[in-house]
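Structure, as structure tokens:
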Amino acid sequence: MSRGFSLLELMVVLLITSALLGLVAPVSIRQVEKSREHVELLEFQRDLKRLEQQAFLLGQDIEVNLEGKKSTIVQGMHVREHVFTGLFFEPQRIKINANGEFLQPRVEVFYRGEKRTIRTEEQID
């Protein structure tokens, strides 16, 4: 009696394993992409809150320009840019005054192909 597996048995196991991986891998990859997009949206909302607090604490106006996948933050003489991968913006300008108040009631963002509205007045706790 032989101990071990035949070549045919090993090939069948490899074939079944590769077929299962071929079915599961694309779904898993898409879920990871969706998670990254969601995290990016949450980080954008967190950044808006942080900018609101900075404007108030520093007593300085802040301007955020959004266009395409890019945001440009102008705070005094400092300019910062951020490029998003999962979010898309129509051209818009958000201003936060020195009292930490948004001058625009909402921000429009495309997230997973759908237009979403982030209400800036809801940013305040």
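For the sequence shown, the positions run 1031 to 1155 when our numbering is used.
We put the beta carbon where it would ideally sit given N, CA and C, even for glycine.
For residue i, which option in the options has the closest C-alpha, if you only look at C-alpha atoms?
i, options, result
"G1130", "F1086, H1108, L1117, K1099", "F1086"
"L1088", "K1099, V1094, G1116, N1127", "N1127"
"Q1084", "L1071, G1106, P1121", "G1106"
"R1123", "I1103, S1065, N1095, L1051", "N1095"
"G1116", "I1092, E1070, V1109", "E1070"
Is it buried or exposed for residue i, if we count other Cβ within 10 angstroms and need 16 for buried?
i, result
"Q1153", "Interpretation of Q1153 is limited by its pLDDT of 48, a score under 50 that renders its predicted location unreliable; the figure taken from the coordinates is listed afterwards. So Q1153 ends up on the buried side."
"S1101", "buried"
"V1139", "buried"
Would you tell me roughly how many angstroms separate the C-alpha atoms of residue i and residue j, rounded to the nearest one?
i, j, result
"E1067", "Y1141", "8 angstroms"
"F1035", "T1147", "60 angstroms"
"E1063", "L1072", "14 angstroms"
On the premise that residue j lies in contact with residue i, defined as a C-beta separation below 8 angstroms, what is that separation, rounded to the nearest angstrom?
i, j, result
"E1097", "F1132", "Between F1132 and E1097 the Cβ distance is about 18 angstroms, and since that is not below 8 angstroms, they are no contact."
When DSSP builds the beta bridges, which residues end up paired with residue i?
i, result
"T1147", "E1138"
"K1100", "E1097, V1113"
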